[in-house]
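Asks:
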Amino acid sequence: MMVLLRHLTGDVLRRLRQRQGRTLREVSADARVSLGYLSEVERGQKEASSELLSSICGALGVPLSQVLREVADQLALAELQEAALLSGSVPADSVPSHDHLGIDSVPDRVPDVVDMVGV
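Quick look at the structure:
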(Lines of atoms letter the chains of each structure in order from A and count residues from 1; the text may use other names and numbers.)
(Lines give C-alpha, C1' and ligand atoms only; values in the text may rest on other atoms or scores of the structure.)
Protein backbone atom coordinates (compact mmCIF):
# COMPACT_ATOMS: atom_id res chain seq x y z
CA MET A 1 0.00 0.00 0.00
CA MET A 2 1.54 3.29 -1.05
CA VAL A 3 0.48 6.49 0.65
CA LEU A 4 0.11 9.47 -1.65
CA LEU A 5 0.66 12.88 -0.09
CA ARG A 6 -1.93 14.41 -2.38
CA HIS A 7 -4.60 12.12 -0.90
CA LEU A 8 -3.65 12.99 2.66
CA THR A 9 -3.41 16.70 1.86
CA GLY A 10 -6.81 16.68 0.16
CA ASP A 11 -8.42 14.86 3.07
CA VAL A 12 -7.01 17.35 5.58
CA LEU A 13 -8.13 20.35 3.50
CA ARG A 14 -11.62 18.90 3.01
CA ARG A 15 -11.98 18.14 6.72
CA LEU A 16 -10.94 21.68 7.65
CA ARG A 17 -13.37 23.20 5.13
CA GLN A 18 -16.26 21.02 6.24
CA ARG A 19 -15.58 21.75 9.92
CA GLN A 20 -16.04 25.43 9.07
CA GLY A 21 -19.32 24.64 7.34
CA ARG A 22 -18.05 26.18 4.12
CA THR A 23 -18.70 25.14 0.54
CA LEU A 24 -16.16 24.45 -2.17
CA ARG A 25 -17.52 27.50 -3.97
CA GLU A 26 -16.86 29.81 -1.00
CA VAL A 27 -13.33 28.58 -0.38
CA SER A 28 -12.39 28.48 -4.07
CA ALA A 29 -13.54 32.10 -4.48
CA ASP A 30 -11.59 33.23 -1.40
CA ALA A 31 -8.51 31.28 -2.51
CA ARG A 32 -8.84 32.54 -6.10
CA VAL A 33 -8.70 29.05 -7.54
CA SER A 34 -11.31 27.35 -9.71
CA LEU A 35 -13.94 25.31 -7.94
CA GLY A 36 -13.09 22.30 -10.12
CA TYR A 37 -9.41 22.46 -9.31
CA LEU A 38 -10.03 22.78 -5.55
CA SER A 39 -12.37 19.80 -5.78
CA GLU A 40 -9.66 17.77 -7.52
CA VAL A 41 -7.13 18.77 -4.84
CA GLU A 42 -9.51 17.70 -2.07
CA ARG A 43 -10.14 14.36 -3.79
CA GLY A 44 -6.40 13.76 -4.16
CA GLN A 45 -6.54 13.89 -7.95
CA LYS A 46 -4.27 16.93 -8.26
CA GLU A 47 -1.03 17.74 -6.47
CA ALA A 48 -1.30 21.28 -5.09
CA SER A 49 1.73 23.57 -5.43
CA SER A 50 3.03 25.33 -2.33
CA GLU A 51 1.58 28.59 -3.67
CA LEU A 52 -1.85 27.01 -4.12
CA LEU A 53 -1.71 25.39 -0.68
CA SER A 54 -0.82 28.73 0.84
CA SER A 55 -3.76 30.38 -0.92
CA ILE A 56 -6.20 27.67 0.21
CA CYS A 57 -4.91 27.87 3.78
CA GLY A 58 -5.36 31.63 3.70
CA ALA A 59 -8.94 31.18 2.51
CA LEU A 60 -9.54 28.71 5.34
CA GLY A 61 -7.84 30.96 7.88
CA VAL A 62 -5.42 28.26 9.00
CA PRO A 63 -1.62 28.35 8.89
CA LEU A 64 0.03 26.24 6.20
CA SER A 65 2.17 24.74 8.96
CA GLN A 66 -0.98 23.34 10.63
CA VAL A 67 -2.07 21.63 7.43
CA LEU A 68 1.40 20.22 6.82
CA ARG A 69 1.61 19.03 10.45
CA GLU A 70 -1.74 17.24 10.13
CA VAL A 71 -0.63 15.66 6.85
CA ALA A 72 2.63 14.56 8.49
CA ASP A 73 0.71 13.08 11.44
CA GLN A 74 -1.56 11.14 9.08
CA LEU A 75 1.44 9.92 7.11
CA ALA A 76 3.11 8.72 10.31
CA LEU A 77 -0.04 6.79 11.28
CA ALA A 78 -0.24 5.23 7.82
CA GLU A 79 3.41 4.18 8.00
CA LEU A 80 2.85 2.59 11.40
CA GLN A 81 -0.17 0.70 10.07
CA GLU A 82 1.79 -0.46 7.06
CA ALA A 83 4.78 -1.55 9.17
CA ALA A 84 2.49 -3.50 11.50
CA LEU A 85 0.82 -5.24 8.57
CA LEU A 86 4.13 -6.06 6.88
CA SER A 87 5.65 -7.45 10.06
CA GLY A 88 2.63 -9.66 10.59
CA SER A 89 2.19 -8.38 14.13
CA VAL A 90 -1.32 -7.21 13.31
CA PRO A 91 -3.75 -9.37 11.35
CA ALA A 92 -4.86 -7.60 8.19
CA ASP A 93 -8.52 -7.96 9.09
CA SER A 94 -8.00 -6.09 12.38
CA VAL A 95 -6.85 -2.89 10.65
CA PRO A 96 -9.87 -0.87 9.56
CA SER A 97 -10.13 -0.27 5.85
CA HIS A 98 -10.72 3.35 4.99
CA ASP A 99 -10.60 5.61 1.96
CA HIS A 100 -7.21 7.22 2.13
CA LEU A 101 -5.95 5.57 5.35
CA GLY A 102 -8.74 6.27 7.78
CA ILE A 103 -8.56 10.02 7.96
CA ASP A 104 -12.07 10.11 9.40
CA SER A 105 -11.15 7.59 12.10
CA VAL A 106 -8.43 9.61 13.77
CA PRO A 107 -9.01 12.41 16.22
CA ASP A 108 -9.44 15.96 14.91
CA ARG A 109 -6.19 16.84 16.62
CA VAL A 110 -3.36 14.35 16.90
CA PRO A 111 -1.51 14.97 20.18
CA ASP A 112 1.82 16.72 19.96
CA VAL A 113 4.89 14.96 21.30
CA VAL A 114 4.77 17.34 24.27
CA ASP A 115 1.25 16.09 25.06
CA MET A 116 2.41 12.49 24.95
CA VAL A 117 5.41 12.90 27.24
CA GLY A 118 3.61 15.21 29.65
CA VAL A 119 6.10 18.06 29.60
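So the sequence shown is residues 1 to 119, counted in full-length UniProt numbering. Glycine residues also receive a C-beta, built at the ideal position from the N, C-alpha and C atoms.
(1) Kindly indicate which residue of Ala48, Ala31 and Gly61 has the alpha-carbon position closest to the one of His7.
(2) I'd like the span of the alpha helix (DSSP H) that includes Ala48, first residue to last.
(3) On the criterion of 16 or more Cβ atoms from any shown chain inside 10 Å, does Thr9 qualify as buried, or is it exposed?
(4) Quick one: Cα of Val33 to Cα of Ser55, how far?
(5) Do Val12 and Ala59 have their beta-carbon atoms positioned less than 8 Å apart in this structure?
Replies: Taking the definition as stated:
(1) Ala48
(2) Careful: Ala48 lies outside any alpha helix (DSSP H) and carries neither H nor E.
(3) buried
(4) 8 Å
(5) no
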